[in-house]
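Quick note, the sequence shown lines up with residues 109 to 194 if you use our numbering.
The C-beta atom is built at its ideal place from N, Cα and C for all residues, glycine as well.
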Amino acid sequence: MNILKQLYYGNIAEIHRKLPNKNKDLELKLYEELKDKLNEEQLKLFIKYIDIYGKRMDKALEDKYIQGFKTGLLIGMETKKLNLDI
Numbered sequence: 109m110n111i112l113k114q115l116y117y118g119n120i121a122e123i124h125r126k127l128p129n130k131n132k133d134l135e136l137k138l139y140e141e142l143k144d145k146l147n148e149e150q151l152k153l154f155i156k157y158i159d160i161y162g163k164r165m166d167k168a169l170e171d172k173y174i175q176g177f178k179t180g181l182l183i184g185m186e187t188k189k190l191n192l193d194i
């Protein structure tokens, strides 16, 4: 089955791909250490910062993914020299 059929039938979903995260354990450890050192007000501010930062990074990654897809599509069209005049 070709890639377009795989996409159509939902067999390919980038969101399900697992990426290696070598620093996950260290990140969690540092988060716990920092959290233990903050008072209640500082912790609320820190959590608010993490939420806002996470949303910004999520949007940036989404934009990069979409741009990468568009670039790949343009490369494919140029390579195949498709005539899109319908």
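Practice task
Tell me where the alpha helix (DSSP H) around GLU122 begins and ends.
Solution key: No alpha helix (DSSP H) contains GLU122, which DSSP labels as neither H nor E.
Practice task
State the Cα-Cα distance for the pair ASP133 and GLU186, rounded to the nearest angstrom.
Solution key: Distance from the CA of ASP133 to the CA of GLU186, rounded to the nearest whole angstrom, comes to 44 Å.
Problem - Cut-off 7 Å between Cβ atoms - residues of its own chain near TYR117, not counting five sequence neighbours on either side - result: Contacts found: none.
Problem - Runs of beta strand (DSSP E) lying entirely within the segment 141 to 188, each at least 3 residues, in chain order - result: The beta strand (DSSP E) runs lying completely inside the segment 141 to 188 and spanning 3 residues or more number zero.
Problem - Nearest candidate by alpha-carbon position, reference ILE155, set ARG164, GLN175, LYS143 and ASP166 - result: The shortest C-alpha separation from ILE155 is found at LYS143.
Practice task
With DSSP as the reference, label TYR139 as helix, strand or coil.
Solution key: Residue state, collapsed to three classes: helix.
Practice task
Locate the alpha helix (DSSP H) running through TYR117, then write down its first and last residues.
Solution key: Boundaries for TYR117: no alpha helix (DSSP H) harbours it, and the DSSP string shows neither H nor E there.
Practice task
Taking only the alpha-carbon atoms, compute the straight-line gap between ASN147 and LEU153 and give it to the nearest angstrom.
Solution key: The alpha-carbon atoms of ASN147 and LEU153 are separated by roughly 10 Å.
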